[in-house]
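Undergrad: To start, I am sharing the structure in question, which I have written as structure tokens.
Here is the structure:
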């Protein structure tokens with residue numbers, strides 16, 4: 165399925181777990197350290213440096229950019245490392261997250277209950293995924309280096325829906341946690 169976001173926002177509800185998506189639009193990167201910083205800011209009632217509303221967060225930290233490239237290798241981080249931050253996604257109005265591997269049962273249930281999409285990409289394909297990145301801009305937490313938040317403009321970024329809006333996920337966990 166081809167998604168050009170935000171123009172095709174209405175198609176998000178049609179995505180089913182297992183669908184291969186070719187995504188064009190904006191994605192934000194955020195890994196462990198950025199999630200911890202965001203959590204601190206929320207807990208301290210501080211203004212966040214960016215508005216994540218209606219966005220997608222990619223658990224990734226690109227390697228250094230080589231000459232004539234937009235971004236270095238940008239493979240996914242293991243998503244289960246971010247499971248403890250799932251509760252923040254509705255507060256941030258995030259539509260979905262992107263990473264690799266399954267989420268724990270509690271996180272899976274939370275995503276299902278809160279209608280948050282979860283997509284996966286394949287580990288080891290960071291160099292290939294970097295070809296889809298047309299623009300990369302560091303926008304927050306520059307002191308975190310590769311874990312800073314970056315805004316990526318991507319074109320035909322390939323990912324697979326792992327958890328959809330219809331209580332399905334490709335890892336076999338159902339709504340009741342089995």
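In the numbering used here, the protein residues as written are 165 to 342. Each residue gets a CB set at the ideal place from its N, CA and C atoms; glycine is no exception. Computed from a prediction, not measured in an experiment: that's the story for all the values here.
Would you mind stating whether residue 238 and residue 290 have Cβ atoms separated by less than 8 Å?
TA: Against a cut-off of 8 Å, the Cβ pair of residue 290 and residue 238 comes out as a contact.
Undergrad: Can you list, in chain order, the residues of its chain with a C-beta nearer than 8 Å to that of residue 243? Leave out the 5 residues immediately preceding and following it.
TA: Taken in chain order, the residues that qualify are 223, 261, 263, 264, 265, 266, 267, 282 and 284.
Undergrad: What is the rounded straight-line gap between the Cα of residue 215 and the Cα of residue 335?
TA: Each residue's Cα considered, the two are about 31 Å apart.
Undergrad: By alpha-carbon positions, which one of 169, 300, 229 and 208 ends up nearest to residue 220?
TA: Comparing Cα-Cα distances from residue 220 to each of 169, 300, 229 and 208, the minimum goes to 169.
Undergrad: Tell me the rounded alpha-carbon separation between residue 280 and residue 333.
TA: Approximately 12 Å between the Cα atoms of the pair.
Undergrad: Along the chain, where does the beta strand (DSSP E) that runs through residue 187 open and close?
TA: Start and end: 184–193.
Undergrad: Which residue from 315, 175 and 179 puts its Cα closest to that of residue 213?
TA: With distances taken between Cα atoms, residue 213 lies closest to 315.
Undergrad: Find the nearest neighbour of residue 198 within the set 254, 165, 308 and 259, judged by alpha-carbon distance.
TA: Considering only alpha carbons, the answer is 308.
Undergrad: For residue 191, count neighbouring Cβ atoms within 10 angstroms of its own Cβ and tell me buried if that reaches 16, exposed if not.
TA: Answer is buried; the Cβ neighbour count reaches 16.
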